[in-house]
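Residue numbering for the sequence shown follows our numbering, beginning at 1343 and increasing consecutively. See structure below.
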Amino acid sequence: MVFHEWYKVEQLPWPADWAALFGRAAPLIIEIGFGSGLFLVDLARRRPDVNLVGLEISIPSIRNAGHKIRRGDLSNVILMQADAAAALHALCEPGSVAGVIINYPDPWPKKDHLDRRLIDDEFLRLLATRMAPGSDLDVATDHDDYAEQIAACLSRSPHFDSRMEAPFSFDDPGRLRTKYERVALEEKRVPRYFKWRRNDAPAEDSFPIPQELPMPHVVLRLPADLAEIGRCIQPGAVELESARIRYIEVYQSLRDGKLLIETYINEDPIRQRLALEIRSRPTGEIVIAPGEVGFPRPTRGVHLAIRYLVDRLREEFPSLVIVHNTLQEEIHADRPH
């Protein structure tokens, strides 16, 4: 395998073909939030028999870990800049993960930020669908309140059992001490080590792999030019089905007059920031489609975002005619309203 600097969720097929990415089939272990990469690289050296995926948000951390991987000539580890829930949800098929490691997740200590914590009941339900029975879940934290939350969530989950008599231990002999962990110990913070295992209890998969649809576009005839159309489209937010769509700004090209609508689409777990393009054909017809900015994936939310624009233009121009469109049938642009 040739080392790739890093991947993003939107770059890979949903679900990912891990065997193709690694160049071999092997048990898949995921470390969430690998920081400097010391633990991940050490694990890659000790476990050449597994495929390792490291998930991290910080680009500097990804680059530092990438340098270590190249220096170690390690071919069994892939790095991703990704939200953990999004990566597990979109890239991992049910029962495909052989182990998950979470070292010192952000405790989000402020009261208003508690809902940002990674490990909660919903996240464990997601893990339960992706982890194979018998696979290990290892978590470490030095934050007292977060440790209590993790212990409570794991204890009430029907899908995980502790590998120890207690929910956690205060020591993990033989463990590689990361830089963060050494500092925590020097500052007299007390780490807790959770060692749990996915049991055989079936988990209802309420986290289907996101579906990609054909790339959407709509061809219109309406009595307006691009400038008039642009004035009809105002920044704002709308919720359509499970998609939260925000039209951020409208830009017009000085060269050919086409419009670019900066758009943010949140379809948990997939979030896309992209441009929707409105352009005119020499025939005078108007085309609405995703632009190339952001390399959009044609999800249901993208279809809904385009249909909403068509609906908005129809309100302004009742004589609007749909010439052609590729929107998904049940959200068809020319359906009755």
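Ideal placement from N, C-alpha and C gives every residue a C-beta, glycine not left out. This one's a predicted model, so the numbers in the text were calculated from it and none came from an experiment.
Distance, residue j Cα to residue i Cα
i, j, result
"residue 1385", "residue 1450", "27 Å"
"residue 1626", "residue 1659", "15 Å"
"residue 1415", "residue 1380", "14 Å"
"residue 1466", "residue 1383", "26 Å"
"residue 1657", "residue 1464", "40 Å"
"residue 1599", "residue 1629", "13 Å"
"residue 1362", "residue 1565", "51 Å"
"residue 1422", "residue 1622", "39 Å"
"residue 1344", "residue 1654", "Bear in mind that a pLDDT of 48 at residue 1344, under 50, signals an unreliable position, so the model cannot answer this."
"residue 1401", "residue 1347", "10 Å"
"residue 1736", "residue 1395", "Because residue 1736 is not part of the residues shown, which for the chain are 1343 to 1679, the question remains open."
"residue 1480", "residue 1441", "8 Å"
Residue j beta carbon less than 8 Å from that of residue i
i, j, result
"residue 1445", "residue 1418", "no"
"residue 1562", "residue 1663", "yes"
"residue 1512", "residue 1431", "no"
"residue 1438", "residue 1389", "no"
"residue 1498", "residue 1537", "no"
"residue 1607", "residue 1631", "no"
"residue 1580", "residue 1488", "no"
"residue 1601", "residue 1568", "yes"
"residue 1558", "residue 1483", "no"
"residue 1428", "residue 1374", "no"
"residue 1613", "residue 1636", "no"
Expected contact under 8 Å - CB spacing of residue i and residue j to nearest Å
i, j, result
"residue 1435", "residue 1544", "At roughly 16 Å, the Cβ-Cβ gap does not stay under 8 Å, so residue 1435 and residue 1544 are not in contact."
"residue 1522", "residue 1377", "6 Å"
"residue 1540", "residue 1352", "Actually they do not touch by this definition, with Cβ atoms about 28 Å apart."
"residue 1578", "residue 1594", "Actually they are not in contact, since the Cβ atoms of residue 1578 and residue 1594 sit about 18 Å apart, beyond 8 Å."
Strand pairing of residue i, partner residues [DSSP]
i, result
"residue 1667", "1560"
"residue 1480", "1443 and 1537"
"residue 1531", "For residue 1531, which the question treats as bridged, DSSP gives no partner whatsoever."
"residue 1398", "1423"
"residue 1581", "1586"
Residue i beta carbon near the ligand MG (any heavy atom closer than 7 Å)
i, result
"residue 1351", "This structure simply doesn't include the ligand MG, nor any ligand for that matter."
* Is there contact here, the segment 1584 to 1593 with the segment 1405 to 1415, by at least three beta-carbon pairs under 8 Å? -> no
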